[in-house]
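A.B. asks:
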Amino acid sequence: MTATNILRHEHEVVMLALTGAEKLLNDITSIGTVNIERIRKFIEFSKHFTDGCHHIKEEKLLFPKLVENGFDGDSGPIGVMLYEHQEGRKFIRNMAEIVMENDEPDKTNTDLLASNLRNYIYLLRNHINKENEILFNMADNVLRPEVQEILVQEFNRVESEEIGEGEHEKYHQIAHELAGS
Ligand SMILES: [Fe+2]
Ligand SMILES: [Fe+2]
Numbered sequence: 351m352t353a354t355n356i357l358r359h360e361h362e363v364v365m366l367a368l369t370g371a372e373k374l375l376n377d378i379t380s381i382g383t384v385n386i387e388r389i390r391k392f393i394e395f396s397k398h399f400t401d402g403c404h405h406i407k408e409e410k411l412l413f414p415k416l417v418e419n420g421f422d423g424d425s426g427p428i429g430v431m432l433y434e435h436q437e438g439r440k441f442i443r444n445m446a447e448i449v450m451e452n453d454e455p456d457k458t459n460t461d462l463l464a465s466n467l468r469n470y471i472y473l474l475r476n477h478i479n480k481e482n483e484i485l486f487n488m489a490d491n492v493l494r495p496e497v498q499e500i501l502v503q504e505f506n507r508v509e510s511e512e513i514g515e516g517e518h519e520k521y522h523q524i525a526h527e528l529a530g531s
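Numbering (our numbering), first residue to last: 351 to 531.
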């Protein structure tokens with residue numbers, strides 16, 4: 351599997367967790383139920399898998415490789431992707447602050463939780479579509495097969511350093527649980 355296809359596959363896992371997040375959001379907005387344990391689980395998934403496993407591979411490995419191959423690192427598609435990763439972290443931080451302190455958030459905090467969840471889901475889905483449809487196709491055009499191969503090896507190294515051996519599968523499981531599939 352190529353490096354970009356590994357990332358595309360991880361996008362599918364993130365999308366699955368986002369399906370679960372949308373259910374949690376609907377529970378809040380339509381019936382007023384805040385499933386705090388599942389929201390905590392989604393935040394844990396987003397911090398460790400989406401950020402710790404996936405965004406790290408893009409930021410530390412794929413994007414620099416694209417810059418070496420002529421992409422602009424600050425503006426253009428890469429600049430937008432980096433900005434969106436930061437925005438996502440902000441929404442997750444906001445949600446974490448609320449659910450770590452409160453087992454039963456009040457109305458104000460519940461509304462804040464819902465708006466951050468909604469913003470995060472919207473941001474990430476669009477972000478993933480842009481990478482899948484535009485950036486990764488551009489990457490496939492410029493990265494030679496041997497460069498993709500080096501990236502795959504680097505991905506494996508970063509993953510064991512950042513989240514540890516065997517953790518990847520655990521997060522796949524969590525994404526399925528969140529999506530209820
Ligand atoms: Fe990304
Ligand atoms: Fe991505």
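Positions of the beta carbon are idealized from the N, C-alpha and C atoms, including for glycine.
As the structure is a prediction and not an experimental result, all values here were calculated from the model.
1. Give a single yes or no on whether LEU357 has its beta carbon closer than 7 Å to a heavy atom of ligand 2.
2. Three or more C-beta pairs under 8 Å: does that hold for the region 517 to 529 against the region 360 to 369?
3. I want to check one thing, is the minimum distance from the CB of ILE478 to the heavy atoms of ligand 3 below 7 Å?
4. Which runs of the alpha helix (DSSP H) fall wholly inside the region 401 to 468 and span at least 4 residues, in chain order?
5. Comparing C-alpha positions only, which one of ALA529, LYS391, GLY438 sits nearest to MET450?
6. ILE406 and GLU512 look like a contact to me (Cβ under 8 Å); what is the Cβ gap, rounded to whole Å?
7. Can you find a heavy atom of ligand 1 that lies under 7 Å from the Cβ of HIS405?
8. So, does the region 372 to 381 touch the region 407 to 415, judging by three or more C-beta pairs under 8 Å?
9. Residue range of the alpha helix (DSSP H) that GLU512 falls in?
10. To the nearest angstrom, report how far apart SER425 and HIS359 are at their CA atoms.
11. Looking at HIS522 and ligand 2, is the gap between the Cβ and the nearest heavy atom below 7 Å?
12. Between the region 421 to 435 and the region 472 to 482, do at least 3 Cβ pairs fall closer than 8 Å?
13. In chain order, what residues of the same chain lie with their CB nearer than 8 Å to the CB of PRO414, ignoring the 5 residues before and after it?
14. Would you call the CB atoms of LEU462 and VAL384 closer than 8 Å?
C.D. replies: To lay it out plainly:
1. yes
2. yes
3. The model depicted lacks ligand 3 and carries ligand 1 and ligand 2 instead.
4. Counting only runs of 4 or more, we get 413 to 418, 426 to 451.
5. LYS391
6. About 6 Å; that satisfies the 8 Å criterion.
7. It does: the Cβ of HIS405 is within 7 Å (strictly closer) of some heavy atom of ligand 1.
8. Contact between the region 372 to 381 and the region 407 to 415 is absent, because fewer than three Cβ pairs lie under 8 Å.
9. 495 to 512
10. SER425 and HIS359 have their C-alpha atoms some 26 Å from each other.
11. no
12. The region 421 to 435 vs the region 472 to 482: in contact.
13. GLY423
14. Contact flag unset, no.
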